[in-house]
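Novice: One structure coming up, written as C-alpha cells, with questions to follow.
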Amino acid sequence: GSGYLEVDANCKAGIRSDDYVRIMPGANIYVDASSGNGIRGNDAVVVTGGVINVNITGTADKGISTDGYIQIDGGRTTVITSGGYEIDDEEADYTACAGLKADIIITVNGGELYLKSTGTGGKGMNADQAITFNGGTTYVHTTGSGAEKGSYSTSPKGIKADGAITFNGGRVVVRCERSEGIESKDAITVNGGTIESYSYDDAINSKYDLTVNGGYVYAHATNNDAIDANKNIYINGGYVIAEGAGAPECGIDAAEGYSIYINGGTIIATGGSVAATASTSKQASIAVSGAGSGTKIGLFLASMAMVTPVQP
Numbered sequence: 040g041s042g043y044l045e046v047d048a049n050c051k052a053g054i055r056s057d058d059y060v061r062i063m064p065g066a067n068i069y070v071d072a073s074s075g076n077g078i079r080g081n082d083a084v085v086v087t088g089g090v091i092n093v094n095i096t097g098t099a100d101k102g103i104s105t106d107g108y109i110q111i112d113g114g115r116t117t118v119i120t121s122g123g124y125e126i127d128d129e130e131a132d133y134t135a136c137a138g139l140k141a142d143i144i145i146t147v148n149g150g151e152l153y154l155k156s157t158g159t160g161g162k163g164m165n166a167d168q169a170i171t172f173n174g175g176t177t178y179v180h181t182t183g184s185g186a187e188k189g190s191y192s193t194s195p196k197g198i199k200a201d202g203a204i205t206f207n208g209g210r211v212v213v214r215c216e217r218s219e220g221i222e223s224k225d226a227i228t229v230n231g232g233t234i235e236s237y238s239y240d241d242a243i244n245s246k247y248d249l250t251v252n253g254g255y256v257y258a259h260a261t262n263n264d265a266i267d268a269n270k271n272i273y274i275n276g277g278y279v280i281a282e283g284a285g286a287p288e289c290g291i292d293a294a295e296g297y298s299i300y301i302n303g304g305t306i307i308a309t310g311g312s313v314a315a316t317a318s319t320s321k322q323a324s325i326a327v328s329g330a331g332s333g334t335k336i337g338l339f340l341a342s343m344a345m346v347t348p349v350q351p
C-alpha cells in the first residue's frame, strides 16, 4: 500500500525475507544500512512500483541482493554504495559492494533504475548468471579502483554477468571512470534499445560472441577498446558508434583468430588501430589508417541512380 517507511540498519540487512521481497506501487521506502545489505530476499526481489532509495556504507555489502532473481518492472529505484572490499583468504578471492546482486538472473522490464558505486571494486549490477534488459531506464556510475593480492583481484564494473547479457529494449547508460563498462563472461546480444557506455577500460566486452541485431549502441573507452569480444563480432543491423583509445586499441575488436562480420546496420568506429572485417561480410566497409591528429577525412557515398547519366 501507500505510505512511507524508513529503515536505519546498523547491524544486519535493512529489509530481509527468507522467501521473497516484493515492493508494490505507492510504497515509498528508504533504507540506510551501515553494516549489512539494504534489501534482501533469499528467493527473489521484485520491484513492481514505488519509490525505493537505498544507501549502503558497509564493507562489501549489497544494495539489493538475492540468492535467486531480481526483477524490476516499474517504479523508481536508487541505490548508492560506498563501502570498501574484503578478502576471503579461504576462497582466495575479493568481495566488493554492488548496487544489485543476484545469484541467478537480473531482469529489467521497466521503471527507472539508478545505481552508483564509489568503493574499491564496487559494481553497479552483478549477476552470477544472465542479465536481460527489456525496457525501462537504467543509469550506472562507478568511480572506484581495483585491488590485487597474489593471483586474485577485484575490479569495478558497471554491469557484469557471468552469463549472457541481452538488450531487447529500454535505455542503459553506463559510466565507469576506472574500469570496464559492460562485461559478460558469456555472450552479449543487442536486439533493440539504446546502450551508452563510457569507460576507462573496454566499454563493452564479451568473453564469447558479441552480436548487434538492432538498436542504438554508443561505446567510448579512454584507455582500451570500445567494443571488444574474445570471439567473433556480428553486426547485422542497428546503429553502432565505437570510439576506442590510441594504438594498439580499436573501436571494434575481435580476438585473434576470430573476425568482425559486418552484415548490416550503420557503423562508425575509430581508434588507434583498425581491425579488419571478414571478407565474407554481407555489407561493405571502408577502413582508413595512418591519419594523425587534426587530419580531416571526407567520405562521399552515391547510389547508382545518382551517377547514371540522364537520358535525352
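Okay, so the sequence shown: first residue is 40 according to my numbering, each after it adds one. Glycine included, C-beta positions come from ideal geometry on N, C-alpha and C.
Decide if Val118 is buried, meaning its Cβ has at least 16 other Cβ atoms within 10 Å, or exposed.
Specialist: Translated into positions along the sequence shown, residue 118 becomes position 79. Per the 10 Å Cβ criterion, buried.
Novice: At 4 residues or longer, what runs of the alpha helix (DSSP H) sit wholly inside the region 92-120?
Specialist: none
Novice: Could you check whether Val213 and Ser236 sit closer than 8 Å to each other, using their CB atoms as the reference points?
Specialist: Numbered from 1 along the sequence shown, position 197 holds the residue referred to as residue 236. Numbered from 1 along the sequence shown, position 174 holds the residue referred to as residue 213. A contact, by the Cβ cut-off of 8 Å.
Novice: With which residues is Ser156 paired in a DSSP beta bridge?
Specialist: On the sequence shown, position 117 is the one that residue 156 refers to. Beta-bridge pairing links Ser156 to Thr120 and Thr181.
Novice: If you follow the beta strand (DSSP E) that Asp127 is part of, which residue opens it and which one closes it?
Specialist: To locate residue 127, count along the sequence shown from 1; it is residue 88. Segment Glu125 to Asp127, the beta strand (DSSP E) holding Asp127.
Novice: Does the Cβ-Cβ distance between Ala268 and His259 come in under 8 Å?
Specialist: One-based indexing of the sequence shown puts residue 268 at position 229. One-based indexing of the sequence shown puts residue 259 at position 220. No. Outside cutoff.
Novice: Which one of Gly220, Ile204, Phe206 and Thr105 has the shortest CA to CA distance from Gly183?
Specialist: To locate residue 183, count along the sequence shown from 1; it is residue 144. For the residues Gly220, Ile204, Phe206 and Thr105, the minimum Cα distance to Gly183 belongs to Gly220.
Novice: By the DSSP assignment, the beta strand (DSSP E) with Ala72 in it spans what residues?
Specialist: By 1-based counting over the sequence shown, the position of residue 72 is 33. Ala66 to Ala72 is the span of the beta strand (DSSP E), which, as asked, contains Ala72.
Novice: Over what stretch of residues does the beta strand (DSSP E) that includes Cys50 continue unbroken?
Specialist: Working through the sequence shown from its first residue, we reach residue 50 at position 11. Segment: none, Cys50 is in no beta strand (DSSP E) and carries neither H nor E.
Novice: For Thr228 and Ala203, which I take to be in contact (beta-carbon distance under 8 Å), what is that distance rounded to the nearest angstrom?
Specialist: Your numbering for residue 228 matches position 189 in the sequence shown. Your numbering for residue 203 matches position 164 in the sequence shown. Correct: roughly 7 Å between the Cβ atoms.
Novice: Quick one, which of Thr250, Ser298, Asn302 and Asn263 has its alpha-carbon nearest Gly311's?
Specialist: Here the question's residue 311 lines up with position 272 in the sequence shown. Comparing Cα positions, the closest option is Asn263.
Novice: Determine, using beta carbons only, whether Asp112 and Gly149 come nearer to each other than 8 Å.
Specialist: The count along the sequence shown starts at 1 and reaches residue 112 at position 73. The count along the sequence shown starts at 1 and reaches residue 149 at position 110. Against a cut-off of 8 Å, the Cβ pair of Gly149 and Asp112 comes out as a contact.
Novice: For the beta strand (DSSP E) containing Ala83, name the first residue and the last one.
Specialist: Counted from its first residue, the sequence shown places residue 83 at position 44. Its beta strand (DSSP E) spans residues Ala83 to Val86.
Novice: Per the DSSP calculation, Val313 is bridged to which residue(s)?
Specialist: As a working note, residue 313 is residue 274 in the sequence shown. Its beta-bridge partners do not exist; DSSP assigns none.
Novice: Quick check on this structure: which residue in Arg210, Tyr278 and Gly283 has the alpha carbon closest to the alpha carbon of Ile243?
Specialist: Counted from its first residue, the sequence shown places residue 243 at position 204. Nearest of Arg210, Tyr278 and Gly283 to Ile243, Cα basis: Gly283.
Novice: Can you tell me whether Pro195 is buried or exposed, with buried defined as 16 or more other CB within 10 angstroms of its CB?
Specialist: By one-based count along the sequence shown, residue 195 stands at place 156. Classification for Pro195: buried.
Novice: Have a look at the DSSP bridge pairing and note the partners of Tyr237.
Specialist: Taking the sequence shown and counting its residues from 1, the one referred to as residue 237 is at position 198. DSSP, once it has assigned bridges, lists Arg214 and His259 as partnering Tyr237.
Novice: From what residue to what residue does the beta strand (DSSP E) around Glu282 run?
Specialist: Position 243 of the sequence shown, counted from the start, is the residue given in the question as residue 282. Note, Glu282: beta strand (DSSP E), Tyr278 to Glu282.
Novice: Is Cys136 helix, strand or coil by DSSP?
Specialist: Locating residue 136 in the sequence shown gives position 97, counting from the first residue. Coil, per DSSP.
Novice: Buried or exposed, going by whether 16 or more other CB atoms sit within 10 Å of the CB of Ser324?
Specialist: Position 285 of the sequence shown, counting from 1, holds the residue named residue 324. Exposed.
Novice: With a threshold of 6 Å on Cβ separation, who are the neighbours of Glu125 within its own chain once the five nearest residues in sequence on each side are excluded?
Specialist: Position 86 of the sequence shown, counted from the first residue, corresponds to residue 125. Only Thr98, Ala99 and Thr134 meet the Cβ criterion.
Novice: What residue range does the beta strand (DSSP E) around Gly163 cover?
Specialist: Mapped onto the sequence shown, residue 163 falls at position 124. Lys162 to Ala166 is the extent of the beta strand (DSSP E) around Gly163.
Novice: Is DSSP giving Ile325 helix, strand or coil here?
Specialist: On the sequence shown, residue 325 is found 286 positions in, with the first residue counted as 1. Note: Ile325 maps to coil in three-state DSSP.
Novice: Please state whether DSSP places Lys270 in a helix, a strand or coil.
Specialist: Working through the sequence shown from its first residue, we reach residue 270 at position 231. It is coil, neither helix nor strand.
Novice: Here's the rule I'm using: 16 or more other beta-carbon atoms within 10 Å means buried, otherwise exposed. How should Thr305 be labelled?
Specialist: Counted from its first residue, the sequence shown places residue 305 at position 266. When all chains shown are included, Thr305 counts as exposed.
Novice: Is Asn94 near Ala137, with beta carbons less than 8 Å apart?
Specialist: Here residue 94 refers to the residue found at position 55 when the sequence shown is read from its first residue. Here residue 137 refers to the residue found at position 98 when the sequence shown is read from its first residue. No; because the gap between Cβ atoms is not below 8 Å, this pair is not in contact.
Novice: The ligand NAD and Asp201: does the residue's C-beta get closer than 7 Å to at least one heavy atom of that ligand?
Specialist: With respect to the ligand NAD, the structure offers nothing, as it holds no ligand at all.
Novice: Closest to Gly107 by CA distance: which of Lys101, Gly88 and Ile143 is it?
Specialist: Translated into positions along the sequence shown, residue 107 becomes position 68. Minimum Cα distance to Gly107 is reached at Ile143.
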